[in-house]
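K.L.:
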């Protein structure tokens, strides 16, 4: 005779499975979270963006079918742009922003107030937990953060980390700098550039470099472009991007062996064939270079005018757009030196300069490189930040 324990085991593994074997499995996208996630327990923006990094879709994770399923529909792309525009206009109204229906159950907007009382409005993908084997986002469209109030913005600097996995520690650095300088926005990609290993039809690959469909900076079907369009539009409406106080900065990483003489290589998205970098003396990238050199005079921080490094970002479609190329032509047309103002800044950093011990250095350098743009009635304190 089987024991009671054995009978219960048989019931749980045989009888119950037979009863439910023909039922339709529930849609995981409609299930509640399996329990608190690292997003739920995050107390600081650093913890929140690190949680985002943990769920960035990994390399080679998608087939043609899963890539197609993760891509936004035309309605979702339109809704995305509406949501980004709403977020950029946040001023004490983060929790009242209503997302378009096309983003329902996919994205949400949350407000996070740190113990320091810094408060941020965050547009991020809803992550519901998993069965322990798949930590990837379902969509991976990225995360956008802005300060919750206009008073919390000290500079119209827009930061991004388009390669959060490949550029190791770029998420942590971009987050620290965003908070530390009072920047206006922070975008972090939700996919690895090699998540779907199909070459992009936007930027054509070469014998040395393959650009993939999930490459945020080189494919026009990635939502980094849509996000950047809305950020650029917002900046135009709010006084334009003045060189002294505004820039669009991509935080990237290079290998130690790549351009090994340069600790940081800084470009504006064009090469120096026209002499642009030597003709212009005051633009964001140059000020950043000069201020880094003051901190570490024995290290090399370079522009295309004083280095042979070829990481000049000429194929970066965000840089092309910011340098005057029409959005419809960013896949095929290089930026013109005549239209380039230096608003776009690409930081190719060594592993050393992405370490956490240099976060405060970056904060100090960018505070020194951009003048504050304070809300009405506010002053500038001794560390170059806006205060009431």
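Numbering (mature numbering (1 follows the signal peptide of the UniProt record, and there is no 0)), first residue to last: -19 to -1, 1 to 369.
Glycine included, each C-beta is placed from N, C-alpha and C at the ideal position.
#1: Taking the Cβ atom as the reference point for each residue, do residue 323 and residue 264 lie within a distance shorter than 8 Å?
#2: What are the boundary residues of the beta strand (DSSP E) that includes residue 94?
#3: Could you check the C-alpha separation between residue 331 and residue 135 for me, to the nearest Å?
#4: Please report the Cβ distance between residue 278 and residue 253, rounded to the nearest whole angstrom; I am assuming they are in contact, meaning their Cβ atoms lie under 8 Å.
#5: Touch check for the stretch 298 to 317 and the stretch 173 to 193: three-plus C-beta pairs under 8 Å?
#6: Would you identify the three-state DSSP class for residue 381, choosing helix, strand or coil?
#7: Going by Cα to Cα distance, which pick from 303, 292, 204 and 24 is closest to residue 97?
#8: Among all the DSSP beta bridges, which residues are the ones paired with residue 230?
#9: Is it buried or exposed, residue 362, if we count other Cβ atoms within 10 angstroms and call 16 or more buried?
#10: Give the secondary structure of residue 240 by DSSP, where H, G and I count as helix, E and B as strand, and everything else as coil.
#11: Please state the DSSP three-state secondary structure of residue 38.
#12: Cα-Cα, which of 27, 188 and 272 is closest to residue 155?
#13: Between which two residues does the alpha helix (DSSP H) containing residue 311 stretch?
#14: Measure the CB-CB distance between residue 87 and residue 103 and report whether it falls below 8 Å.
#15: What does DSSP give as the partner residues of residue 180 in its beta bridges?
#16: To the nearest angstrom, how far is the alpha carbon of residue 95 from that of residue 289?
#17: To the nearest angstrom, how far is it from the Cα of residue 200 to the Cα of residue 192?
#18: Assuming the contact rule is C-beta atoms closer than 8 Å, residue 121 and residue 172 should be a hit. Round their C-beta distance to whole Å, please.
#19: DSSP has residue 104 in a bridge; who is on the other side?
#20: How is residue 68 classed by DSSP in three states: helix, strand or coil?
#21: Out of 271, 63 and 123, point me to the one whose CA is closest to residue 348's CA.
#22: If I follow the unbroken beta strand (DSSP E) through residue 167, where does it start and stop?
#23: So if DSSP puts residue 367 in a beta bridge, which residue, or which two residues, is it bridged to?
#24: Please identify the residue among 178, 32 and 225 whose C-alpha is closest to the C-alpha of residue 262.
#25: Count the CB pairs spanning the stretch 243 to 260 and the stretch 287 to 303 that are closer than 8 Å, and state whether there are at least three.
#26: Residue 365 to residue 355, Cα distance in whole Å?
#27: Cα-Cα, which of 343, 260 and 327 is closest to residue 319?
#28: Give me the Cβ distance between residue 197 and residue 117, rounded to the nearest whole Å; I'm assuming they're in contact under 8 Å.
#29: If I measure Cβ to Cβ from residue 326 and keep anything under 6 Å in the same chain, skipping five residues before and after, which residues do I get?
#30: Compute the beta-carbon to beta-carbon distance between residue 344 and residue 161, rounded to the nearest angstrom, for a pair I have assumed lies under 8 Å.
P.N.:
In short, the structure shows the following:
#1: Here residue 323 refers to the residue found at position 342 of the chain shown. Here residue 264 refers to the residue found at position 283 of the chain shown. Cβ atoms of residue 323 and residue 264: closer than 8 Å.
#2: Numbered from 1 along the chain shown, position 113 holds the residue referred to as residue 94. In the DSSP assignment, residue 94 falls within the beta strand (DSSP E) that extends over 88 to 94.
#3: Along the chain shown, read from residue 1 onward, the residue named residue 331 stands at position 350. Along the chain shown, read from residue 1 onward, the residue named residue 135 stands at position 154. Roughly 28 Å separates the two Cα atoms.
#4: Residue 278 sits at position 297 when you count from the first residue of the chain shown. Residue 253 sits at position 272 when you count from the first residue of the chain shown. Contact doesn't hold; Cβ gap of about 23 Å is too wide.
#5: Flag = yes, the stretch 298 to 317 and the stretch 173 to 193 touch.
#6: The structure shown has nothing for residue 381, since the chain only spans -19 to 369.
#7: Residue numbering aside, residue 97 sits at position 116 when the chain shown is read from its first letter. Of the candidates 303, 292, 204 and 24, the one whose C-alpha sits nearest the C-alpha of residue 97 is 24.
#8: For the purposes of this step, residue 230 is identified with residue 249 of the chain shown, where counting begins at 1. Under the DSSP definition of a beta bridge, residue 230 partners with 140 and 326.
#9: What you label residue 362 is simply residue 381 of the chain shown in a count that begins at 1. Taking a 10 Å sphere around the C-beta of residue 362, we find fewer than 16 other C-beta atoms and assign the residue as exposed.
#10: Taking the first residue of the chain shown as 1, we reach residue 240 at position 259. In the three-state DSSP reduction, residue 240 falls in the coil class, being neither helix nor strand.
#11: As a first step, residue 38 is located in the chain shown; it is residue number 57 there, counting from the start. Residue state, collapsed to three classes: strand.
#12: Taking the first residue of the chain shown as position 1, residue 155 is located at position 174. Cα-wise, what sits closest to residue 155 is 27.
#13: Here the question's residue 311 lines up with position 330 in the chain shown. Per DSSP, residue 311 belongs to no alpha helix (DSSP H) and is neither H nor E.
#14: Position 106 of the chain shown, counted from the first residue, corresponds to residue 87. Position 122 of the chain shown, counted from the first residue, corresponds to residue 103. Result no, Cβ atoms of residue 87 and residue 103 do not sit closer than 8 Å.
#15: Indexing the chain shown from 1 puts residue 180 at position 199. Residue 180 is bridged to 193.
#16: Here the question's residue 95 lines up with position 114 in the chain shown. Here the question's residue 289 lines up with position 308 in the chain shown. Cα-Cα distance, rounded: 43 Å.
#17: Residue 200 sits at position 219 when you count from the first residue of the chain shown. Residue 192 sits at position 211 when you count from the first residue of the chain shown. For residue 200 and residue 192, the distance between alpha carbons rounds to 8 Å.
#18: On the chain shown, residue 121 is found 140 positions in, with the first residue counted as 1. On the chain shown, residue 172 is found 191 positions in, with the first residue counted as 1. Cβ-Cβ separation between residue 121 and residue 172: approximately 4 Å, consistent with a contact (criterion under 8 Å).
#19: For the purposes of this step, residue 104 is identified with residue 123 of the chain shown, where counting begins at 1. Note: residue 104 sits in a beta bridge opposite 90 and 125.
#20: The residue labelled residue 68 in the question sits at position 87 within the chain shown. Helix, per DSSP.
#21: Your numbering for residue 348 matches position 367 in the chain shown. Nearest C-alpha to residue 348: 271.
#22: One-based indexing of the chain shown puts residue 167 at position 186. For residue 167, the enclosing beta strand (DSSP E) has its first and last residue at 166 to 169.
#23: In the chain shown, counting from the first residue as 1, residue 367 sits at position 386. Secondary-structure assignment with DSSP links residue 367 through a beta bridge to 361.
#24: Looking up residue 262 in the chain shown gives position 281. Checked all of 178, 32 and 225; the closest Cα to residue 262 is 225.
#25: Verdict: yes, contact present.
#26: Position 384 of the chain shown, counting from 1, holds the residue named residue 365. Position 374 of the chain shown, counting from 1, holds the residue named residue 355. If you take the alpha carbons of residue 365 and residue 355, they lie about 10 Å apart.
#27: Position 338 of the chain shown, counted from the first residue, corresponds to residue 319. Residue 260 is the option with its Cα nearest to residue 319.
#28: To locate residue 197, count along the chain shown from 1; it is residue 216. To locate residue 117, count along the chain shown from 1; it is residue 136. Contact between residue 197 and residue 117 does not hold, since the beta-carbon distance rounds to 16 Å and is not under 8 Å.
#29: Working through the chain shown from its first residue, we reach residue 326 at position 345. Correct list, in chain order: 228, 230, 265 and 266.
#30: Residue mapping note: residue 344 aligns to position 363 of the chain shown, counting from 1. Residue mapping note: residue 161 aligns to position 180 of the chain shown, counting from 1. Contact flag correct, Cβ pair sits at about 3 Å.
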